[in-house]
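Peer 1: Following numbering that gives the first Met the number 0, the numbering of the sequence shown begins with 0 at its first residue and continues without gaps.
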Amino acid sequence: MRRLRARSSRDARARLDRPGAIRAHDARPPACGSVVGANHRTGAGRGRLVRLQGGESVTLSRRAGELRLSGEEVNLFALELQFAPAGKAAFELRGDALSGEPTAYPGTLVARSSNANRGALRLINRVSLQTYVASVVGSEYGLKDEEGAKAMAVAVRTYALRAAEEEAGSYDLGDQVWSQRYEGTRGLSKATLRAARATRGQVLTHDGALIEAAYFSSSGGHTASNENVWEGEARPYLRGKPDPYDEAASPHIPWTQRLSRRKLLDALTRAFEGRVTGFVIDSRSPDGRVEMLELLRRGDENLPVSGPRFRRVVNQNFGYETLLSTFFDARRAGSRYVFEGKGFGHGVGLSQWGAHEMARQDHSYEDILHFYYTDVALSSVKEAERKPVAQTELNDQDDAAKDKRQGEAPAETTPENESDKAAAAPPLPSPSPLASAQIAADTLTTTPPPDSTARASAADTTAASLQKDDPETSKRIGW
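Laid out in structure tokens, this is it:
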């Protein structure tokens, strides 16, 4: 008999791709918090509670399909472990695969053995929706303005609730860029909590239903219609349009990348069948982004490849800050290919740099949302038409299918942490054996990272403007 978990629009559940040990972390030193681990469905030690004092740590691993929790005074096995903090305590995750400082998470933590991913743990952080929204705003939007942060809070809340109502499985969202970047307490600050509180319960709807509130870093001066970027029918609220605000503020107009011709052709050959000897930009969408390319192959027919897929392959091989968007032109210069482009991200929905500029020009967050999302209403969660999702089975098949789809999620690029979000939808590396995690969140406080990027000058912006109407420019050959 499968266990069912009730679903609530007031909570969010996010998968944590963070391996390692769990440590009780007190958010208000020197007072000592505690963490309780409840042992469920276990043969050994059934019904025991594990209590961790602030600063104490345990290590989770998997053996023979069960979770192993080990520490100085505890050693038990279970199929599922639940940890609940006392007071203001938070969970801190550490591990060999983590770089930099460990990450602390509010709310409760569930650790499960994942049958869909043999040898892996699945960690789920369940937090209030308000905390989740605040943390994601801090993790995704590092620009210092109030109205842009409020607009992001509404978009993040809408995206999370739509994902929760559409997806089956034991989690709603991931914590990486293919879903919405969620960095726990690190994403919380007075500014982001204020943005979440100021927009509490507000979502975007079209014809009464929650929209797919996509966002990205920079449009390059023109946003994109969703059907020109992803497969699927056109969304009436995701329409491409000229974006003078982004064009005035974005540091990603222009950008230039020079790549080794030999290394790029080798990478394309590995990714596609046949020996690739060059490529041609074959068509562009109405906004000027590369829609289709043709790969030239030795002794074989040319192979059509979409612009987003070409970008994804390049970024997987050369780094996620290589092709910042599909808004580019390409030419050969000796032993190198030169890519000249503008914008950062897929271009669908809200531009974060554009929102920042609108806020700087004293536009309200309502103005920002109505500019970037066409024909939408700002509604309360209660007013939004939502599909009935009362409860969800904790099903590994659902989780496996969702893991496979997550590479296509539209949320993308953060101005302050763009190196992690350059690709529109890159497949993620396999989770570490010590952690495939999931999290749910609702109230956040985040300190945005300092904005270290400089704006492009007007002269640079003009010089970098792509000549998409010139057939010689828009269809250059790489051979």
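Don't be surprised by glycine CBs; every beta carbon is placed ideally from N, CA and C.
Can you tell me the Cα-Cα spacing of T198 and M151, whole angstroms?
Peer 2: Each residue's Cα considered, the two are about 10 Å apart.
Peer 1: On the DSSP bridge assignment, give the partners of D328 in chain order.
Peer 2: DSSP, once it has assigned bridges, lists E339 as partnering D328.
Peer 1: With distance defined between alpha-carbon atoms, name the residue in R359, Y244, H355 and G342 nearest to E288.
Peer 2: The question names Glu, but residue 288 is Arg in the sequence shown. It is G342.
Peer 1: Give me, in chain order, the residues of the same chain whose beta-carbon lies closer than 6 Å to that of E480; leave out the 5 immediate sequence neighbours on both sides.
Peer 2: The first residue shown for the chain is 0 and the last is 478, placing residue 480 beyond what the model contains.
Peer 1: Can you pull the DSSP bridge partners for A154?
Peer 2: Beta-bridge pairing links A154 to no other residue.
Peer 1: Under the rule that 16 or more other beta-carbon atoms within 10 Å means buried, what is P243, buried or exposed?
Peer 2: So P243 ends up on the exposed side.
Peer 1: Are the segment 189-208 and the segment 310-322 touching by the rule of at least three beta carbon pairs closer than 8 Å?
Peer 2: Result no; under three Cβ-Cβ pairs closer than 8 Å.
Peer 1: R261 and A332: beta carbons closer than 9 Å?
Peer 2: No.
Peer 1: Going by the CB atoms, is the gap between A329 and I280 shorter than 9 Å?
Peer 2: For I280 and A329, yes; Cβs fall inside 9 Å.
Peer 1: Where do the ends of the beta strand (DSSP E) carrying S334 lie?
Peer 2: Counting along the chain, S334 falls outside any beta strand (DSSP E), and DSSP gives it neither H nor E.
Peer 1: Considering only C-alpha positions, which residue in the set K381, D374, S379 and V380 is nearest to D206?
Peer 2: That would be D374, whose Cα lies nearest to the Cα of D206.
Peer 1: Just curious, the beta strand (DSSP E) that P303 is in, first and last residue?
Peer 2: Start and end: L302 to S305.
Peer 1: Considering only DSSP beta bridges, list what T102 is partnered with.
Peer 2: The partner list for T102 (beta bridge, DSSP) reads L92.
Peer 1: Could you work out which residue in P241, R308 and D265 is closest to Y372 when comparing CA atoms only?
Peer 2: Ranking P241, R308 and D265 by Cα distance to Y372 puts P241 first.
Peer 1: Could you name the residues of the same chain whose beta carbon sits closer than 7 Å to that of F327, not counting the 5 residues immediately before and after it, in chain order?
Peer 2: Excluding residues within five positions, the ones whose Cβ falls inside 7 Å are V289, F338, E339 and G340.
Peer 1: From W352 to P235, what does the alpha carbon distance come to, in whole angstroms?
Peer 2: When rounded, the distance between both Cα atoms is 23 Å.
Peer 1: For S217 and L187, what's the separation of their Cα atoms in angstroms?
Peer 2: Cα-Cα distance, rounded: 24 Å.
Peer 1: Looking only at its chain, what residues have a beta carbon closer than 6 Å to the beta carbon of T268, apart from the 5 residues adjacent to it on each side?
Peer 2: Taken in chain order, the residues that qualify are R274 and V275.
Peer 1: Taking only three categories from DSSP, how would you classify G287?
Peer 2: G287 falls in the coil class under three-state DSSP.
Peer 1: Which residues in the same chain as S249 place their Cβ atom closer than 6 Å to its Cβ, once the five residues preceding and following it in sequence are excluded?
Peer 2: Cβ within range, chain order: S217 and W352.
Peer 1: With a Cβ-Cβ cutoff of 9 Å, do G346 and T157 count as a contact?
Peer 2: Cβ distance not < 9 Å, so G346 and T157 don't count as in contact.
Peer 1: Taking just the CA atoms, how far does F82 sit from G239?
Peer 2: If I take the Cα positions, the gap works out to 45 Å.
Peer 1: Work out the CA separation of D245 and P285 for me, nearest whole Å.
Peer 2: Roughly 18 Å separates the two Cα atoms.
Peer 1: Measure the C-alpha to C-alpha separation of N301 and D265 and round it to an integer number of angstroms.
Peer 2: Straight-line Cα distance between these residues: approximately 16 Å.
Peer 1: Who pairs with T107 in a beta bridge, going by DSSP?
Peer 2: R125.
Peer 1: With the cut-off set at 9 Å, would you say T107 and E182 are in Cβ contact?
Peer 2: No, the Cβ-Cβ distance between T107 and E182 is not below 9 Å.
Peer 1: Here's the rule I'm using: 16 or more other beta-carbon atoms within 10 Å means buried, otherwise exposed. How should D361 be labelled?
Peer 2: D361 is exposed by the Cβ-count criterion.
Peer 1: Using beta carbons (cut-off 9 Å, strictly below), is R257 in contact with chain C?
Peer 2: Protein chain content of the structure displayed is limited to a single chain, and chain C is not contained in it.
Peer 1: Count the other CB atoms within 10 Å of the CB of G277; is the residue buried (16 or more) or exposed (fewer)?
Peer 2: Label assigned to G277: buried.
Peer 1: By how many angstroms is the C-alpha of T255 removed from the C-alpha of V313?
Peer 2: The alpha-carbon atoms of V313 and T255 are separated by roughly 14 Å.
Peer 1: Can you grab the Cα-Cα spacing for the pair S224 / A233, in whole Å?
Peer 2: Using only the alpha carbons, I get a separation of about 7 Å.
Peer 1: Output the distance between the C-alpha atoms of A299 and P105, rounded to the nearest integer angstrom.
Peer 2: A small fix is needed here, since residue 299 is Asp in this sequence, not Ala. Those two C-alpha atoms are separated by around 55 Å.
Peer 1: How many whole angstroms separate the CB atoms of A159 and Y140, which I take to be in contact at a CB cut-off of 8 Å?
Peer 2: Contact doesn't hold; Cβ gap of about 15 Å is too wide.
Peer 1: By Cβ distance below 6 Å, which residues in the same chain neighbour V109 in space, the five residues on each side in sequence not counted?
Peer 2: The answer, listed in chain order, is Q81 and I123.
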